[in-house]
Amino acid sequence: MKVLVTGGAGFIGSHLVDALVARGDAVTVLDDLSTGRRENLATAGGDVRLDVGSVADLDAVTRAVEGCEVVFHLAAVASVQRTVEAPIDTSAVNLGGSLHVLEAARAAGARRVVFAGSAAAYGDNPALPLRESETPRPLSPYAIEKLASEQYMRVWSQLYGLETVTLRFFNVFGPRQDPSSPYSGVISIFVDRLQAGRPATIYGDGGQTRDFVYVADVVRANLLAASVPEASGRTFNVARGEETSVRELYDTLRRLIGGGPEPILAEPRAGDIRHSRADIAAARQVLGFEPAHTVEEGLARLLASTAARRA
Ligand SMILES: NC(=O)c1ccc[n+]([C@@H]2O[C@H](COP(=O)([O-])OP(=O)(O)OC[C@H]3O[C@@H](n4cnc5c(N)ncnc54)[C@H](O)[C@@H]3O)[C@@H](O)[C@H]2O)c1
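Residue numbers (the working numbering): 1123 to 1433.
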């Protein structure tokens, strides 16, 4: 099958590309390399074409989608902070880009679009575990852009019969996640510091929890979302359905590494939500999704992969 992966040179996208190539798909990647890297595609081998271009450019999307049956739309400015600083610019990518993907996919006769939504759509809704039917309470331009894109996905499936599926990823972690920004995934930052024998900073008391999910499980959810007929027009949480506190994470990593310094404790960050946990019953029932990696297994894999890269 011929597929398009927007954002395929990024952290999650490149793992998806690996899996698609491994099963024999012909993959086009559309990525502007703003946070993604060519090297992330180096191990995929097989049939991968990289188009360097932006989803904010309708012509670039139209060219990339030609002949594709399925589009996995992951390209986005994935930094919440960046969307707060430059909402007009990021909306052109995160919302405008989604509309471009839908319109180009429709014009090209693609069958299905699978969209990388976000748990950020729930914002500070306290109704844990979070079900897809809960009222969204976006707290940032990023969350608004993701939520509005999700609505476009749903409506395009109703208006035009283009199949669309939104996956609301919770806190994804794994190899190739960039630790360089303070707003990167907390796990990539902890691993980066602890493997260098340095302490990492915990904001607040470390009791805040998130629903962490290993990247291979997110890839699996994407593959299922592309193929299960009943999924069209719907939104699904992609998570483990479990809470892990930031302090627990830090201690598990120290144990797996075989030691390490105590964390630096800093003031809580403004706007941080306290707890997050998904209800994944819908993904289980409709997609047949089952997360295969515990957080600890995922951490062990991540450590093995970063240690191998350092060596
Ligand atoms: N990592 C998480 O925990 C998480 C959680 C929820 C949702 N998501 C979503 O999953 C998707 C992938 O995130 P990620 O963590 O792999 O981040 P990432 O930054 O590694 O990947 C995003 C990719 O999109 C590309 N990109 C950015 N702007 C683009 C543009 N205008 N045109 C084309 N390509 C562009 C980047 O170069 C990068 O390769 C994003 O949509 C993100 O919002 C991620």
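We put the CB at the ideal spot given by N, CA and C, even for glycine.
Selected residue, minimal CA-CA separation from residue i, among the options
i	options	result
Ala1178	Trp1278, Leu1224, Ala1148, Leu1289	Leu1224
Glu1191	Leu1409, Asp1401, Ala1422, Ser1349	Ser1349
Asp1173	Thr1165, Gly1167, Ala1166, Val1183	Val1183
Arg1160	His1137, Pro1248, Ser1176, Gly1132	Gly1132
For residue j and residue i, believed in contact at Cβ under 8 Å, the rounded distance
i	j	result
Arg1127	Val1149	In the sequence as displayed, the identity of residue 1127 is Val instead of Arg. With 8 Å as the limit, Val1127 and Val1149 qualify as a contact, their Cβ atoms being about 6 Å apart.
Glu1285	Ser1279	6 Å
Ala1226	Phe1291	Actually they are not in contact, since the Cβ atoms of Ala1226 and Phe1291 sit about 23 Å apart, beyond 8 Å.
His1397	Leu1252	Contact flag wrong, Cβ pair sits at about 10 Å.
Glu1364	Asp1333	6 Å
Tyr1325	Glu1389	7 Å
Outcome for residue i when other beta-carbon atoms lying within 10 angstroms are tallied against a minimum of 16
i	result
Pro1297	buried
Thr1257	exposed
Ser1213	buried
Thr1323	exposed
Ser1220	buried
Leu1281	exposed
Arg1145	exposed
Thr1205	buried
Asp1147	buried
Cutoff 6 Å; reference residue i; Cβ partners in own chain excluding five residues on either side
i	result
Gly1189	Lys1124
Gly1329	Ser1367
Same chain only: Cβ atoms within 7 Å of residue i, ignoring 5 sequence neighbours per side
i	result
Val1170	Val1139, Val1143, Val1149, Val1151, Leu1163
Ala1405	Ala1343, Phe1358, Asn1359, Val1360, Phe1411
Ser1427	Pro1297
Gly1129	Gly1135, Asp1153, Gly1158, Leu1196, Ala1197, Ala1198
Arg1376	Leu1316, Gly1382
Ile1266	Pro1260
Ala1270	Leu1217
Val1187	Leu1126, Val1193, Ala1226, Ala1227, Ala1230, Ala1232
8 Å CB neighbourhood of residue i in its chain, flanking five on each side removed
i	result
Arg1106	In the structure as shown, the chain begins at 1123 and stops at 1433. Residue 1106 is therefore absent and cannot be evaluated.
Ser1306	Gln1299, Asp1300
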